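Going by mature numbering (1 follows the signal peptide of the UniProt record, and there is no 0), the letters in the sequence shown line up with residues -23 to -1, 1 to 471, in that order.
For reference, the structure discussed in these notes is given below.
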Amino acid sequence: MKKIGSFILFMFFLLAFPVMGSAAPSTTHIYLDSVELQQPDNAAADIVKGNVMVPLRVIAEGLGYDVKWEQKTGTVTISQNKTSLKLVVNSDQAVVDSSKISLSTAPFLQNNTTMVPLRFVGEQMGLKVSWDNADKSAYLYSPNGGTDGEIINGGTSSSPGSATEVITVVNQPEQSESITPNTNNSPNGTGTNVNLAQIEGMSYSDNRLVISATGNIEPQVFTLTAPSRIVVDIPQAAFSDNFRNTLSLDDQFKGEFSITDDTKISGIRYSLFSNSPSTIRVVMVLNQDSLYSVTNSGEGQVFIDLEEKRDTGRKLVVIDAGHGGSQPGAIGVTKKQEKDFTLGVALKVETILKQDPSIDFVLTRTTDVTMSLQDRVKVANDLAADLFVSIHGNSLDTIKTGNNPSGSETYYSRDESIPFANVMHKHLVAATGLNDRKVRYSSLHVTRETVMPAVLLEAGYLSNTGDETLMYTEEFQQRVAEGIVAGIKEYLGL
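Have a look at this one:
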């Protein structure tokens, strides 16, 4: 788990430096995956000497990167996965991993906030960036666009597929829905590669989209907003030669059809989204946010059913598997990744809760996908969940600290979460059998910004050989999952 303490220390040391740069004051906006980021009141994105400069802290926090401040050298170090970026205030030289890079404009302090060139941030952090001078807005899009926030309501799954309950999670630019295909890989613009599943057609009626294919397909489903959309990506697939017999498909392998007199949906678009791997994208344009379920028949048909928002009277719990996708979380002694542990436990919690009709539940992710902290919070708040449980594994630099802790911890951020944290911690410690490292306060985004009782569980330390060995066993993960469910039920009085 990334600690917010590094950001507090970072800002503390920044106060020791005088303001070294200036930018004309203006009202600007910064959007990460189309979600606006909050900027410091005294420093905002602007153009300085022909370069768009943005507050580094805003972007780093928005992406969940680790940021450290070295007081003696005035160096900011940003770490994410295997990439390390170092910037020095007032120096036009930056270091990315072991490579030195010259900056067109050196970072500077503006009202105690470090400002950096937007283009440099984009290139080195893997972001797509743009600046709209008309409305003074910077737009940043992460590699995964934050779009993989799949929310599963395990209480309504239909075998062999899974049911997915979604309140819109993220935004993404419209142009990302399709690409200009490389027809060299597909001479006829359709699926001539025999290894690709063939999309034969699709239809919509009675709140159900049916996608028909020849061959096995494994759809990936997520949501976009502004406007509200449900997106179905089908990798290792192409349009069949017969697709044009039933639906329109232009030379760019794109098409659409309108839906009239429907309160939920206005139309459906489809396109060849990617060549590597060949991926078909289907977009359902909604008139309003909608729940939906996904069923894969396993026989070449996928069903996307739009559902009414339900008021069951049952308690709703959000289970959050920490990290995922491009964010592995802590790395263990034997290089195991935290994201795999958290997902393993969350899926076991799902299995247990499916057997309990008294609790509705939602998983923020059920596969190895990237999801921002903001999106995790949005899921819980939009659903008006009763409880939020985030599953994590801890880590500590044992060499630098000389400390090698073992044990379980439970974190809360708001006083109203303390009773819930106490109950959950009791069951967590009993389940892990590890040292009791107590219930602790920390201003963590997912437990701070949610509006219901929320906890973050650190089951054990991946930096401890003993803890790590246990954490990746099925038995240990099952015990933790059972402990989580027991704690939830005790707190809810069930």
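Beta carbons: idealized from backbone N, C-alpha and C, even for Gly.
Computed from a prediction, not measured in an experiment: that's the story for all the values here.
Buried or exposed (CB count within 10 angstroms, at least 16 for buried), residue i
| i | result |
| --- | --- |
| Val35 | buried |
| Ser267 | buried |
| Pro204 | exposed |
| Leu320 | buried |
| Arg456 | buried |
| Arg206 | buried |
| Tyr394 | Checking the sequence shown, residue 394 turns out to be Ser, not Tyr. By the neighbour-count rule (16 or more Cβ atoms within 10 Å), Ser394 is buried. |
| Gly437 | buried |
| Glu127 | Annotation note: pLDDT 30 at Glu127 (below 50); position unreliable, coordinate value reported separately. With 16 or more other Cβ atoms within 10 Å, it is buried. |
| Arg342 | buried |
| Ile336 | buried |
| Gln175 | buried |
| Thr256 | buried |
| Ser139 | With a pLDDT of 30 at Ser139, under the threshold of 50, the predicted position of this residue should be treated as unreliable, though the coordinate-derived value follows. Buried: at least 16 other Cβ atoms inside 10 Å. |
| Pro32 | buried |
| Ala20 | buried |
| Thr5 | buried |
| Leu471 | exposed |
| Phe318 | buried |
| Phe234 | exposed |
| Thr328 | exposed |
| Asp23 | buried |
| Asn441 | buried |
| Gln332 | exposed |
| Pro334 | exposed |
| Asn159 | Note on Asn159: pLDDT 42, under 50, position unreliable in the model; the coordinate value appears next. Exposed, because fewer than 16 other Cβ atoms sit within 10 Å of the Cβ of Asn159. |
| Lys63 | buried |
| Asn242 | Reading off the sequence shown, one finds Ile at residue 242, where the question assumed Asn. The residue in question, Ile242, is buried, as its Cβ has 16 or more Cβ neighbours within 10 Å. |
| Ile376 | exposed |
Check whether residue i and residue j have beta carbons under 7 Å apart
| i | j | result |
| --- | --- | --- |
| Gly51 | Val65 | yes |
| Leu439 | Ser372 | yes |
| Arg258 | Asp228 | no |
| Thr347 | Gln278 | no |
| Leu173 | Ala214 | yes |
| Gly460 | His404 | yes |
| residue 480 | Val295 | Given that the chain is displayed from residue -23 to residue 471, the structure contains no residue 480 and the question cannot be resolved. |
| His300 | Glu276 | no |
| Ser248 | Lys231 | yes |
| Leu433 | Tyr388 | yes |
| Gly178 | Thr223 | yes |
| Asp363 | Leu421 | no |
| Val198 | Val260 | no |
Selection from the options that minimises the alpha carbon distance to residue i
| i | options | result |
| --- | --- | --- |
| Lys355 | Phe199, Val423, Val432 | Val423 |
| Glu13 | Asp238, Gly370, Glu393, Asp352 | Asp352 |
| Thr344 | Leu330, Ala20, Val322, Lys241 | Val322 |
| Thr91 | Ala115, Val44, Lys77 | Val44 |
| Glu467 | Gly302, Thr409, Phe397, Glu451 | Phe397 |
| Pro84 | Pro94, Tyr269, Phe338, Ala190 | Pro94 |
| Glu445 | Val406, Leu433, Lys313 | Lys313 |
| Ser419 | Asp413, Leu411, Ala431 | Ala431 |
| Ser180 | Ser274, Arg246, Gly290, Glu195 | Arg246 |
| Ala298 | Glu284, Val326, Ala20 | Val326 |
| Phe453 | Met429, Ala407, Asn67, Lys415 | Ala407 |
| Thr200 | Asn222, Val271, Phe230, Asp238 | Val271 |
| Ile194 | Gln265, Ser274, Met261, Pro32 | Ser274 |
| Asp413 | Arg96, Ser385, Asp359, Thr375 | Ser385 |
| Asn358 | Gly370, Val339, Val25, His369 | Val339 |
| Ile281 | Gln332, Leu469, Val187 | Val187 |
| Ala361 | Ile465, Thr427, Leu330 | Thr427 |
Element boundaries [beta strand (DSSP E), containing residue i]
| i | result |
| --- | --- |
| Lys292 | 292 to 298 |
| Val31 | 28 to 32 |
| Ala361 | Segment: none, Ala361 is in no beta strand (DSSP E) and carries neither H nor E. |
| Leu263 | 255 to 263 |
| Thr82 | Thr82 -> no beta strand (DSSP E), and no H or E assigned at all. |
Segment limits, alpha helix (DSSP H) that includes residue i
| i | result |
| --- | --- |
| residue 508 | Nothing in the structure corresponds to residue 508, since the chain is present only between -23 and 471. |
| Gln455 | 451 to 469 |
| Ile395 | 395 to 409 |
| Asp183 | Element bounds for Asp183: n/a, residue is neither H nor E. |
| Val445 | The sequence as given places Glu at residue 445; Val does not occur at that position. That run of the alpha helix (DSSP H) goes 442 to 448. |
| Ile376 | 375 to 378 |
Those residues which DSSP pairs with residue i across a bridge
| i | result |
| --- | --- |
| Ser420 | DSSP output for Ser420 lists no bridge partner at all. |
| Phe338 | Val294 |
| Asp43 | Ser56 |
| Ile194 | DSSP lists no partner for Ile194. |
| Ala21 | None; Ala21 has no bridge partner. |
| Lys231 | Ser248 |
| Leu283 | Tyr269 |
| Val432 | Val366 |
| Thr90 | Gln87 |
Closer than 6 Å: residue i CB and nearest the ligand ZN heavy atom
| i | result |
| --- | --- |
| His422 | Because no ligand of any kind appears in the structure shown, any question about the ligand ZN cannot be addressed here. |
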